[in-house]
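Q: As numbered in mature numbering (1 follows the signal peptide of the UniProt record, and there is no 0), residues -19 to -1, 1 to 500 make up the sequence shown, in order.
Note that CB positions come from ideal geometry on N, CA and C, so glycine has one too.
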Amino acid sequence: MTMKIFLIFLSCFTLCCFAKQRSTLHINVTEGAGRKIPDTFFGAFFEEINHAGAGGLWAELVRNRGFEEGGSSVPSNIFPWAMVGDDSTIQISTDRSSCFDRNKVALRMDVLCDGPKSCPPDGVGISNPGFWGMNIEKTHKYKVVFFAKASGVVDLRVSFVGSDNTELASNSITSVGHNVTEWTRMETVLEAKATNHNASLQITTSKKGVLWLDQVSAMPLDTFKGHGFRKDLAQRVAALKPKFFRFPGGCYVEGGYMRNAFRWKDSVGAWEERPGHFGDVWSYWTDDGFGYFEGLQIYTNANDMFSKHTKFDDAPRYGPKAFVSEYAVWQSDAGNGTLLAAVAEAAFLIGLEKNSDVVHMVSYAPLFVNKNDRRWTPDAIVFDSHQSYGTPSYWIQHLFSTSSGATLLDSTLESTSDYIVASAIEYRNPSEKKMYLRIKVVNFDSDPHRFRFSISGVDSKVKAYGATRTVITGPNVKEENSFSEPNRIVPQHSSLKNASSDMTLMLPPYSLTSLDLFI
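(1) Among residues of its own chain, excluding the 5 on either side of Phe(-7), which ones have a beta-carbon nearer than 7 Å to its beta-carbon?
(2) Taking the runs of the alpha helix (DSSP H) that are 4 residues or longer, which of them lie wholly in the segment 204 to 238?
(3) Any idea if Lys414 is buried or exposed, counting beta-carbon neighbours within 10 angstroms, 16 or more meaning buried?
(4) Here's the rule I'm using: 16 or more other beta-carbon atoms within 10 Å means buried, otherwise exposed. How should Pro411 be labelled?
(5) By Cβ distance, which residues of its chain are closer than 6 Å to Phe274, with the 5 residues on each side in sequence left out?
(6) If we ignore side chains and look at the alpha-carbon of each, how far apart do Glu334 and Ser53 end up?
(7) Hey, which unbroken runs of the beta strand (DSSP E) at 3 residues or more fall wholly within the segment 247 to 327?
(8) With a threshold of 16 other CB atoms inside 10 Å of the CB of Ser74, please say whether the residue is buried or exposed.
(9) Is the separation between the beta-carbon of Leu93 and that of Ile59 shorter than 8 Å?
(10) For the candidate residues Met342, Pro472, Asn424, Val65, whose alpha-carbon lies nearest to that of residue 510?
(11) Grab the span of the beta strand (DSSP E) containing Gln183 for me, first residue to last.
(12) Which value, in whole angstroms, describes the spacing of the CA atoms of Ile(-12) and Arg450?
(13) Expressed to the nearest angstrom, what Euclidean distance is found between the alpha-carbon atoms of Asp294 and Asn336?
(14) Whose C-beta lies closer than 7 Å to the C-beta of Arg46 among residues of the same chain, with five residues either side of it excluded?
(15) Could you tell me if Pro490 is buried or exposed, where buried requires 16 or more neighbouring beta carbons within 10 angstroms of its beta carbon?
(16) Would you kindly check if the distance between the Cβ of Leu321 and the Cβ of Val452 is under 8 Å?
(17) If you follow the alpha helix (DSSP H) that Gln378 is in, where does it begin and where does it stop?
(18) Pick helix, strand or coil for Arg240, following the three-state DSSP scheme.
(19) From Pro201 to Ala325, what does the alpha carbon distance come to, in whole angstroms?
(20) Would you mind sorting Val363 into buried or exposed? The rule is 16 or more other CB atoms within 10 Å of its CB.
(21) Apart from the five residues just before and just after Thr319, which ones in its own chain have a Cβ nearer than 7 Å to its Cβ?
(22) Would the segment 285 to 302 count as touching the segment 62 to 77 if we require 3 or more Cβ pairs under 8 Å?
(23) I'd like the list of long-range same chain contacts for Trp263, defined as Cβ closer than 6 Å, with 5 residues on each side in sequence excluded.
(24) In whole angstroms, what separates the C-alpha of Ala173 from that of Leu182?
(25) Identify which residue in Ser140, Gly371, Thr155, Gly143 has its Cα closest to the Cα of Glu466.
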């Protein structure tokens, strides 16, 4: 059953069967009765967890680009780099000869073969698969940069190779006429002639001698606004219209040991000069290519999250303001991002919205998860090397993105149920530059509910046209989105015919309904 058919069936069935369950939201739009919500109210929280940055939002394709992940002592493990060739043609090792004082480990290649007669057809060298495969797309361009020195002339081939060993793109880099005995920056741009979502970067040669490499980077030229962020993931964050971006965040900041804490001063400047560090809380190395705000962390089950919509109702209205810097339903209620979790979080957000004179900032966490490294679940955005989708919690946040800087209207809810939470705001649509009144209401019950709103005040005129209804719900509270069904639980939009200041409609079970009235 499709979501639209489900909603139509539900409306027809429930008009007769659940008429006794009802709520009324009385909204006063008299000038001066409302209160401005802080401009900073709704934002985004970013923590380096689940490879959210390294291998995620930061578009760097190479993992362990500075060969530091194996530690500062040599010889060291260069995972996930691998040798191209065998022991009879090449030897791979590490030493501390790098020109970068804070990244002394470099890769050494002793090439034993010489020319096409003794070397394999494609040469010998090293290969890097990135973070569970590099996403290389046809006609897209990628900038490869590295530092090299050699015992003589450099003659290298830089390539992207698909999971089936098909060459996707390649260029040659040579130092014809002079030796490269000092560290030298080299770069090339590769244009892909085919698509592969599980590719590797290879740097090979057929010239005998000794070659050192360090700080190898491969980045797509087409990043979000040219800032180095992976485009599809950054666009999902931008679509939430966050008024702040908390970074770095969570346990990643302090580390399990002080020596592994995040040092913001080490995350600025040229990327090859950044030492990187081991994030011991989540157990993986980051090169800190994504370099430099710290709250309350309220993680819990769905019923408790729903009940927390009143948490700040009795808080002192003077003194320090609150930053709810991390919230989410988790454990069994949440799965990998369920409808149940999202609806409970929506009720909590409505409560924060109504208490925004005390709570000035709020952000969901975690923001990202790479499907290959689920160290915390659920998360707002799920991705792999080439695709992504938003969980139901992500789409709930979409409907709150207009709250920052809006006017919270004076409203009172009368209800026969303890499972209804509602609020009303007035905001200006940024694209149309027109004023709307938005009513958001959560039904956290397994039964549908009859809901009425009544708008009063000298400015209570609602236009009959231009109104819309948006509903997030589903036939099962444990429904989740996935790569195969990314739109299973997403906002369903419909027009609201003959809108007025007094209307009654049905709320589906476990749902968030948002009504936009043109005023």
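A: According to the structure data:
(1) Locating residue -7 in the sequence shown gives position 13, counting from the first residue. With a pLDDT of only 47 at Phe(-7), under the threshold of 50, the placement of this residue in the model should not be trusted; the figure read from the coordinates follows. Nothing listed; no residue qualifies.
(2) 212 to 220, 232 to 235
(3) Indexing the sequence shown from 1 puts residue 414 at position 433. It counts as exposed.
(4) On the sequence shown, position 430 is the one that residue 411 refers to. Result: exposed.
(5) Numbered from 1 along the sequence shown, position 293 holds the residue referred to as residue 274. Per-residue confidence for Phe274 stands at a pLDDT of 39, beneath the threshold of 50, marking its modelled position as unreliable; no derived number is given.
(6) What you label residue 334 is simply residue 353 of the sequence shown in a count that begins at 1. What you label residue 53 is simply residue 72 of the sequence shown in a count that begins at 1. Computed Cα separation, rounded: 49 Å.
(7) 258 to 260, 265 to 267, 303 to 307
(8) What you label residue 74 is simply residue 93 of the sequence shown in a count that begins at 1. Burial call: exposed.
(9) Walking along the sequence shown from the start, residue 93 turns up at place 112. Walking along the sequence shown from the start, residue 59 turns up at place 78. No, Cβ-Cβ distance for Leu93 and Ile59 is not below 8 Å.
(10) Because the chain here runs from -19 to 500, residue 510 falls outside it and cannot be looked at.
(11) Taking the sequence shown and counting its residues from 1, the one referred to as residue 183 is at position 202. 177 to 186 is the extent of the beta strand (DSSP E) around Gln183.
(12) Locating residue -12 in the sequence shown gives position 8, where the first residue counts as 1. Locating residue 450 in the sequence shown gives position 469, where the first residue counts as 1. Summary for Ile(-12): the model assigns pLDDT 48, below 50, so the residue's position carries little reliability, and this model does not support an answer.
(13) Position 313 of the sequence shown, counted from the start, is the residue given in the question as residue 294. Position 355 of the sequence shown, counted from the start, is the residue given in the question as residue 336. Distance between the alpha carbons of Asp294 and Asn336 is about 7 Å.
(14) For this step, residue 46 is matched to residue 65 along the sequence shown. So the list reads Gln196, Val197, Ser198, Asp268, once near-sequence residues are dropped.
(15) Within the sequence shown, numbered from 1, the residue matching residue 490 stands at position 509. Classification for Pro490: buried.
(16) On the sequence shown, position 471 is the one that residue 452 refers to. On the sequence shown, position 340 is the one that residue 321 refers to. No, the pair does not count as a contact, with Cβ atoms beyond the cut-off.
(17) Position 397 of the sequence shown holds residue 378. Start and end: 373 to 379.
(18) As a first step, residue 240 must be located in the sequence shown, where it is residue number 259. Reduced to three states, the DSSP call for Arg240 is helix.
(19) Your numbering for residue 201 matches position 220 in the sequence shown. Your numbering for residue 325 matches position 344 in the sequence shown. Looking at the two C-alpha atoms, the distance is approximately 39 Å.
(20) The residue you call residue 363 lines up with position 382 of the sequence shown. Buried, since its Cβ has 16 or more Cβ neighbours within 10 Å.
(21) Mapped onto the sequence shown, residue 319 falls at position 338. Same-chain partners within the cutoff: Pro373, Val458, Lys459, Glu460, Glu461.
(22) no
(23) Residue numbering aside, residue 263 sits at position 282 when the sequence shown is read from its first letter. Excluding sequence neighbours, Trp263 sits near Ile30, Arg356.
(24) Within the sequence shown, residue 173 is the residue found at index 192, counting from 1. Within the sequence shown, residue 182 is the residue found at index 201, counting from 1. If you take the alpha carbons of Ala173 and Leu182, they lie about 12 Å apart.
(25) Along the sequence shown, one-based indexing puts residue 466 at 485. Considering only alpha carbons, the answer is Gly371.
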